[in-house]
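Below is one structure, written out as structure tokens; comments come after it.
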Ligand SMILES: [Zn+2]
């Protein structure tokens, strides 16, 4: 019997739109200038949904 160990040390974000778990390095990021500085928007590579607070959806 072969036991495969999958190392799950990559932080992932659960997409609020399609529910897919997206490794953070696969998220498309977009930095947007705003009056009070910059914010970073994230886009799901699966459903193209935008969401701005990735940390909130960490799994
Ligand atoms: Zn999605």
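Residue numbers (this note's numbering): 107 to 165. For every residue, glycine included, the Cβ atom is placed at its ideal position computed from N, Cα and C. All figures in this text were calculated on a predicted structure; none of them were measured in a lab.
Enclosing beta strand (DSSP E) for residue i [first to last residue]
i, result
"residue 126", "Looking at the DSSP string, residue 126 is not in any beta strand (DSSP E), and its letter there is neither H nor E."
"residue 147", "143-149"
"residue 165", "First-last for residue 165: undefined, no H or E at that position."
"residue 138", "134-140"
beta-carbon residue i near ligand 1 non-hydrogen atom, thresh 7 Å
i, result
"residue 155", "yes"
"residue 123", "yes"
"residue 126", "yes"
Ligand 3 heavy atom lying under 7 Å from the CB of residue i
i, result
"residue 136", "Ligand 3 is not part of the structure shown, which contains ligand 1 as its ligands."
Assumed close pair residue i, residue j - CB separation to whole angstroms, cut-off 8 Å
i, j, result
"residue 136", "residue 154", "That pair is no contact at about 12 Å."
"residue 130", "residue 117", "5 Å"
Option nearest residue i by Cα separation, candidates the options
i, options, result
"residue 162", "152, 147, 151", "147"
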